[in-house]
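>
Number of protein chains: 2
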Amino acid sequence: MKETPGQLRVIIEGLKPEIDSGRFPIKRVVGEKVSVEADIFVDGHDAISALLLYCKENDPEWTEIPLEPLVNDHWRGWFVVAEPGCYRYTVLAWIDQFKSWQRDLVKKFQGGQGISIELMIGAHLITETSQRAPKLDRQKIGEWISALHSTQVSEQAKVQLVLSEELSQFMDKYSDRQFATTYPKELVVVVDREKALFSTWYEMFPRSCVSGSGRHGTFKDCEARLPYIAAMGFDVLYLPPIHPIGHINRKGRNNNPVANRNDPGTPWAIGYKEGGHKSIHPQLGILDDFQSFVAKAHEYDIEIALDIAFQCSPDHPYVKEHPEWFRWRPDNTVQYAENPPKKYEDIYPFEFETKNWKELWEELKSILIFWIEHGIRIFRVDNPHTKPFRFWEWLISDIKKSYPDVVFLSEAFTRPKVMYQLAKLGFTQSYTYFAWRNTKQELTQYLTELTQTQVREYFRPNLWPNTPDILTEYLQFGGRAAFMARLVLAGTLGSSYGVYGPAFELCENRPKEPGSEEYLDSEKYEIKNWDIARPDSLKDFIARVNRIRRENPALHRDWGLRFHKVDNEQLICYSKRTDDLSNVVLVLVNLDPHHTQSGWVEFPLEELGIDPQKPYQMHDLLSDARYLWQGTRNYIELNSQVVPAHIFRMRRRVRTEQDFDYYM
Amino acid sequence: MKETPGQLRVIIEGLKPEIDSGRFPIKRVVGEKVSVEADIFVDGHDAISALLLYCKENDPEWTEIPLEPLVNDHWRGWFVVAEPGCYRYTVLAWIDQFKSWQRDLVKKFQGGQGISIELMIGAHLITETSQRAPKLDRQKIGEWISALHSTQVSEQAKVQLVLSEELSQFMDKYSDRQFATTYPKELVVVVDREKALFSTWYEMFPRSCVSGSGRHGTFKDCEARLPYIAAMGFDVLYLPPIHPIGHINRKGRNNNPVANRNDPGTPWAIGYKEGGHKSIHPQLGILDDFQSFVAKAHEYDIEIALDIAFQCSPDHPYVKEHPEWFRWRPDNTVQYAENPPKKYEDIYPFEFETKNWKELWEELKSILIFWIEHGIRIFRVDNPHTKPFRFWEWLISDIKKSYPDVVFLSEAFTRPKVMYQLAKLGFTQSYTYFAWRNTKQELTQYLTELTQTQVREYFRPNLWPNTPDILTEYLQFGGRAAFMARLVLAGTLGSSYGVYGPAFELCENRPKEPGSEEYLDSEKYEIKNWDIARPDSLKDFIARVNRIRRENPALHRDWGLRFHKVDNEQLICYSKRTDDLSNVVLVLVNLDPHHTQSGWVEFPLEELGIDPQKPYQMHDLLSDARYLWQGTRNYIELNSQVVPAHIFRMRRRVRTEQDFDYYM
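Chains as they are written, first to last, in the working numbering: chain A, 73 to 736; chain B, 73 to 736.
#1: Mind listing the chain A neighbours of B/Leu-80? Cutoff is C-beta to C-beta under 7 Å, in chain order.
#2: If the cut is a Cβ gap below 9 Å, which residues of chain B does A/Asn-144 touch?
#3: Count the other CB atoms within 10 Å of the CB of B/His-667; is the residue buried (16 or more) or exposed (fewer)?
#4: Strictly under 8 Å for the Cβ-Cβ distance: is B/His-394 near chain A by that measure?
#5: In the DSSP assignment, find the unbroken beta strand (DSSP E) run with A/Gly-305 in it and report its ends.
#6: Say whether the stretch 281-295 of chain B touches the stretch 200-209 of chain B, bearing in mind that this needs 3 or more beta-carbon pairs closer than 8 Å, one atom from each stretch.
#7: Hey, how far is the Cα of B/Leu-356 from the Cα of B/Ile-439?
#8: Relative to the alpha-carbon of A/Trp-429, which residue among A/Phe-463, A/Gly-184, A/Thr-272, A/Ala-119 has its alpha-carbon at the smallest distance?
#9: Along chain A, in chain order, which residues have C-beta atoms closer than 8 Å to that of B/Lys-196?
#10: Per DSSP, which residues does B/His-636 bridge with? Please list them.
#11: The beta strand (DSSP E) that contains B/Trp-150, what's its start and end?
#12: Can you have a look at A/Gly-78 and say buried or exposed, based on whether 16 or more other CB atoms are within 10 angstroms of its CB?
#13: Quick check on DSSP: helix, strand or coil for A/Lys-128?
#14: Of all the options A/Phe-506, A/Phe-291, A/Cys-384, which has the alpha carbon lying nearest to the alpha carbon of A/Asp-360?
#15: Confirm, please, whether the CB-CB distance from A/Val-617 to A/Val-560 is below 8 Å.
#16: Quick one, which of A/Ala-575, A/Asn-327, A/Val-106, A/Ala-110 has its alpha-carbon nearest A/Met-276's?
#17: Say whether chain B places a C-beta atom closer than 8 Å to the C-beta of A/His-457.
#18: Flag this pair as yes or no: are the beta carbons of A/Glu-423 and A/Phe-398 separated by less than 8 Å?
#19: According to DSSP, is A/Phe-424 helix, strand or coil?
#20: Ends of the alpha helix (DSSP H) at B/Lys-611?
#21: Give me the Cβ distance between B/Phe-675 and B/Thr-516, rounded to the nearest whole Å; I'm assuming they're in contact under 8 Å.
#22: Should A/His-718 and A/Leu-663 be called a contact, given that it needs their Cβ atoms to be closer than 8 Å?
#23: Would A/Gln-493 pass as an interface residue toward chain B - the criterion being a Cβ-Cβ separation below 8 Å?
#24: Consult DSSP for B/Gln-548 and reduce its assignment to one of helix, strand or coil.
#25: In chain A, what lies closer than 8 Å to B/Phe-113 by C-beta?
#26: By DSSP, does A/Trp-400 sit in helix, in strand, or in coil?
#27: Taking contact to mean 3 or more Cβ pairs, one atom from each stretch, closer than 8 Å, check whether the stretch 240-247 of chain A and the stretch 548-563 of chain A are in contact.
#28: Roughly how far, in whole angstroms, is the beta-carbon of B/Arg-226 from the beta-carbon of B/Lys-171, given that I think they are within contact range, below 8 Å?
#29: Is there a C-beta anywhere in chain B that falls below 8 Å from the one on A/Phe-424?
#30: For the alpha helix (DSSP H) that contains A/Ser-107, what are its first and last residues?
#31: Using a cut-off of 9 Å between C-beta atoms, extract the partners of A/Asp-92 located in chain B.
#32: Consult DSSP for A/Met-276 and reduce its assignment to one of helix, strand or coil.
#33: Indicate whether B/Met-556 and B/Leu-610 have their beta-carbon atoms separated by less than 8 Å.
#34: Which bits of chain B does A/Ile-189 rub up against, with CB to CB less than 7 Å?
#35: Along chain A, which residues have their Cβ under 8 Å away from the Cβ of B/Gly-357?
#36: On the three-state DSSP scale, how would you describe A/Cys-294?
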């Protein structure tokens, strides 16, 4: 017979949220709720008390929150996470003899049965409990017990006494938890700062940030570009690698395997004699220039995100200094990186299975620490799915122990299980398949998976309509209307989204060749000269969408997303709401970039707190037009050649003669 | 940095079946398959090898079964459990360097790239692997390596060699598992004998087994009743408690709180001065009579199941010998058992929270051991949900260690989570809500939950249309047709089912009072005198249904259950099939006991291996009629006043002039 006491009778199971039996933490940002649910029950008919326990990592004591029973033995409680870092939570439950006794006493009393023995039992329970109470409470207890024993007090009054809030609270506070069941796992929530969940990204090649000139841009030039980026409303500026670029096997324009003398090479071929991952490409400036640029960006409320690509050009100093970090073949060469069918002759991968893996891992960590110490707190990690999962888990958790405000964006475009695994083991945000989800059905299915299933507990999507590697067919064929539609979708479906500019705002959509997703004359292999002042630029439209995002809290979160019916496959309709329904945004997008489309939309007014019998106002935040609607079905029409979307803020109701103000 | 080697790169997750993070075992019977699935993947593009490992408890070594990759990083394999007892299973996976190399070599060769370096790497891999191989294989290895190095052998021939089955098998066998990932849990499957899953129960009060007389039946009389029970095709005969019955607070007829002198009391008020749970009620006979009865039943292929009710009449010897096993109130009484609003004044519950819980638990176990040693292997456990879960988990696992063939049926009619918990912690079979599921929607929803969700891994339903405590309204109002319909439903929806007889076959349906589910003049409180020879008895119909069950393997299992469409809410249609489709049974039941109902049924012929373009034969095993049907939609009509059901065996196709035999 096991030595665990036979008196432990309560079962706690099915606790949520819990990822993979507690193997991985869930994620929240500061100020968010953690709502915890569990099935809690016991044999027989005894009453249960249950608590949600939580604490900040290393806190000496749990904070206790009562769990409330719902239906079918299911209980729920919640807490708010106040600071970045890690919190732990679990559940505790026990048989509450006093509550069982209270319940049965009332039944017997109401059924007209004698309760004199029950009252004696109750007095006994109070005496027993009082032994766990501090002395100060003792006098009150004496009064209760003598009242229960007194022949002068009516049964009615005794029942009132035992049901009184004061007595109940006392019995609750000192309840006997000796045989309480604790859920066998302590679960973890990683708490990030707000930007982990609500962020607006702009990707830019610093060397191309000089308009009207073919020269190599510098960090000084980048500073001059900041007002332009800030005016569009971006708050994260992500730069491809800024390190020295290798010469051996350097790529020419359009990925030509042979480079011309003046070709700059791709920034991802990191390392040359001037240095590697901790150095700055000389043509961009020096470390001081970089730091001045970072500080300047800060003045515009823009954070700089660096690209972390753990790979080397064949001229990287590591190759000579640490040959044991690479896999050498029988002919004394290193196999260059491949992502079939793509070949990267200018890049050596690290050999993570090297016997010297510990030294390698430590060195890679030191790269992050170096940039963190130079003021960087956001990293976009290049191809994390080609490095071991355990490496990332160790690296991210180790760094976040000292720097809980660091944000890691996983740039993995690969199989779903692998993308989710990277998110589980610690990446703060993740790129998604959004670029390839273009139809109503595709978008609905994918975003529902991301925002309404367990995935949302650990995977924070960052939606990108384009990147330097991804120019989708939808953008190639759909022209300006397609760029506008995809911008609205990304910016309203995702609390975090980003674009690769100025290619995006200038609607750059010429592919390298038909069927390719590569750009013609890709910026990856050459310095571009973007005319950001072009009158057809989408910069003002982007600024508008980003202002709408900032001003509407519903768009700062993803869990409030719901899709609604439209009787036209080219039109998609969805809403986002805050928990308290104080902000509800309804978005309609015409997915057909060529034609005007119209249809009837249908949405659950009552769920949104709107009386279907009364008119309500729809305020289109893109055009500033206001419409009066009534009922669950309303007609809409969108001309892609003008603006292919509405972003409505729903206003609750329309003024009547009884009202003082127009709208809530 | 953790000391786990950084080279462990493979992830194994989402393993199924796994109940509550592996806290509970799954269940199978001898000869069943355990199909195991998991998500298995690695960073990058390396090939993986994966094994399902399983062993009988205490086997020194795992048996290894290769897992096969399906889509989306999902892998599957299976094994068959051959003996009763416990098996363990888990999964192992590693990066297979040789398979990765083979795959890449073929790609390069087919792409016309040079492969000379790759062939050197291959030779190196073979050499490395050979160091793990026994000496006998070495000569062959030498041949392979020199062929790969030889300038006389063409590249084409070298590629053929490295793809050869012999070399691949060798490399597979001695693959480097040094950095293999093992799934962190070993999971358990409890294997029972066949009867745990396929059983046909008959409940009978032994004291009422004398027809045509008011006297108290004995085990000798029970022996005489065996041919009758065997003829109906039952293979488990379950007896309510056979122990001495208490006198204090004995219940009279119809649960009267005051008994007359001749009232026999309920058999669940266990214990009197003659003895308790290990004794036999004197009026039934002595232990020898019981053993002779058990042996006689065995000759008829009937197993006797005893009722285990862990509770005492106030005269049970335990009450005096072990007062510490009961909860005494301030007035020196014990609170009798209650299941509100039911009161059992003739029964004391044990106090499982007693400080002497260990002694109590051991004594209760000794009761089971006593009856096991007297040849009993099936126990129907009374109200297990009013005793602690941990008690049952300990008791059942402890007993099954020595007696893996023991079957425990859980008689818990309570909240769903509690019923499922009892099944998880070890009960072999469970009573269900079947008695109260009477409409098509109710039956479809409930049986789908039981047979098509994870519940089926641990909860084995035993379907009872009636019990001595449950006479449903459907039976009260529906008459004979209702009994026939419920019998067919129980016997074909459930591989295990049972009836309480002779009440069932005699269609006894008079309630104690309107709105009550208690029988009028319930057998629980008096000796009944059943006229089993009545011409309107359902005994022949029951015999037919039970023969159909025996002869059709599809009805021996529950996972093959599928519901099909009928355009009439009073008609329900479902099929059961064996895995290999060699036996497919289609059942149609008219749920309306009063009227003839007709409609069109629709079922997925192709899924069942039938050509929808050709006619096929439906053989009604109840009436022996045969019908020719074609296509997915067919008309049916059922007259409740004759037989309210069809049990069709589907025969694949109808003879044409090309065929020799009529039917497959």
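Note that CB positions come from ideal geometry on N, CA and C, so glycine has one too.
Quick answer:
#1: Looking up residue 80 of chain B in the second sequence gives position 8. Within 7 Å Cβ-Cβ: Arg-462.
#2: Counted from its first residue, the first sequence places residue 144 of chain A at position 72. Arg-487, Pro-488, Lys-489, listed in chain order.
#3: The residue given as residue 667 of chain B occupies position 595 in the second sequence. Only exposed fits B/His-667, as fewer than 16 other CB atoms lie within 10 angstroms of its CB.
#4: Stepping through the second sequence from its first residue, residue 394 of chain B is reached at position 322. Chain A, which has no Cβ nearer than 8 Å to the Cβ of B/His-394, makes this no.
#5: One-based indexing of the first sequence puts residue 305 of chain A at position 233. Segment: none, A/Gly-305 is in no beta strand (DSSP E) and carries neither H nor E.
#6: no
#7: Position 284 of the second sequence, counted from the start, is the residue given in the question as residue 356 of chain B. Position 367 of the second sequence, counted from the start, is the residue given in the question as residue 439 of chain B. The alpha-carbon atoms of B/Leu-356 and B/Ile-439 are separated by roughly 19 Å.
#8: Along the first sequence, one-based indexing puts residue 429 of chain A at 357. If we check each option's Cα against that of A/Trp-429, A/Phe-463 comes out closest.
#9: As a first step, residue 196 of chain B is located in the second sequence; it is residue number 124 there, counting from the start. Position check: residue 196 of chain B holds His in this sequence, whereas Lys was assumed. Those within 8 Å of B/His-196 in chain A are Pro-402.
#10: Sequence index remark: in the second sequence, residue 636 of chain B carries index 564 (1-based). B/Cys-645.
#11: Walking along the second sequence from the start, residue 150 of chain B turns up at place 78. That run of the beta strand (DSSP E) goes 146-152.
#12: Translated into positions along the first sequence, residue 78 of chain A becomes position 6. By the neighbour-count rule (16 or more Cβ atoms within 10 Å), A/Gly-78 is buried.
#13: Indexing the first sequence from 1 puts residue 128 of chain A at position 56. Of the three classes helix, strand and coil, the one that applies to A/Lys-128 here is strand, per DSSP.
#14: As a working mapping, residue 360 of chain A is identified with position 288 in the first sequence. That would be A/Phe-291, whose Cα lies nearest to the Cα of A/Asp-360.
#15: Counting from 1 along the first sequence, the entry for residue 560 of chain A is found at position 488. Counting from 1 along the first sequence, the entry for residue 617 of chain A is found at position 545. For A/Val-560 and A/Val-617, yes; Cβs fall inside 8 Å.
#16: Start at 1 with the first residue of the first sequence, and residue 276 of chain A comes out as number 204. Checked all of A/Ala-575, A/Asn-327, A/Val-106, A/Ala-110; the closest Cα to A/Met-276 is A/Ala-575.
#17: The residue labelled residue 457 of chain A in the question sits at position 385 within the first sequence. Yes, because at least one Cβ of chain B sits closer than 8 Å to the Cβ of A/His-457.
#18: Counting from 1 along the first sequence, the entry for residue 423 of chain A is found at position 351. Counting from 1 along the first sequence, the entry for residue 398 of chain A is found at position 326. Yes, the pair counts as a contact, with Cβ atoms nearer than the cut-off.
#19: To locate residue 424 of chain A, count along the first sequence from 1; it is residue 352. Three-state DSSP puts A/Phe-424 in coil, outside helix and strand.
#20: Within the second sequence, the letter at position 539 stands for residue 611 of chain B. 611-623 is the extent of the alpha helix (DSSP H) around B/Lys-611.
#21: Taking the first residue of the second sequence as position 1, residue 675 of chain B is located at position 603. Taking the first residue of the second sequence as position 1, residue 516 of chain B is located at position 444. Actually they do not touch by this definition, with Cβ atoms about 14 Å apart.
#22: If you number the first sequence from 1, residue 718 of chain A lands on position 646. If you number the first sequence from 1, residue 663 of chain A lands on position 591. Contact flag unset, no.
#23: The residue labelled residue 493 of chain A in the question sits at position 421 within the first sequence. Answer yes: the Cβ-Cβ gap between A/Gln-493 and chain B drops below 8 Å somewhere.
#24: Stepping through the second sequence from its first residue, residue 548 of chain B is reached at position 476. Correct three-state label for B/Gln-548: helix.
#25: For the purposes of this step, residue 113 of chain B is taken as residue 41 along the second sequence, with counting starting at 1. Arg-487, Lys-489, Val-490, Gln-493, listed in chain order.
#26: Indexing the first sequence from 1 puts residue 400 of chain A at position 328. Of the three classes helix, strand and coil, the one that applies to A/Trp-400 here is strand, per DSSP.
#27: no
#28: Numbered from its first residue, the second sequence carries residue 226 of chain B at position 154. Numbered from its first residue, the second sequence carries residue 171 of chain B at position 99. According to the sequence shown, residue 226 of chain B is Ser rather than Arg. With a Cβ gap of about 23 Å, B/Ser-226 and B/Lys-171 do not count as contacting.
#29: Taking the first residue of the first sequence as position 1, residue 424 of chain A is located at position 352. True, the Cβ-Cβ gap to chain B drops below 8 Å.
#30: Taking the first residue of the first sequence as 1, we reach residue 107 of chain A at position 35. Taken as a continuous stretch (DSSP letters only), A/Ser-107 belongs to no alpha helix (DSSP H), being part of the beta strand (DSSP E) at 105-113.
#31: Walking along the first sequence from the start, residue 92 of chain A turns up at place 20. Here the neighbours are Glu-85, Gly-86, Ser-93.
#32: Stepping through the first sequence from its first residue, residue 276 of chain A is reached at position 204. Coil at A/Met-276, not helix or strand.
#33: Counting from 1 along the second sequence, the entry for residue 556 of chain B is found at position 484. Counting from 1 along the second sequence, the entry for residue 610 of chain B is found at position 538. Contact: yes.
#34: Reading the first sequence from its first residue, position 117 is the one you call residue 189 of chain A. Under the 7 Å cutoff, chain B gives Arg-401, Pro-402, Asp-403.
#35: One-based indexing of the second sequence puts residue 357 of chain B at position 285. Correct list: empty, because the minimum Cβ distance to chain A is about 35 Å.
#36: For the purposes of this step, residue 294 of chain A is identified with residue 222 of the first sequence, where counting begins at 1. Taken through DSSP and simplified to helix, strand or coil, A/Cys-294 comes out as helix.
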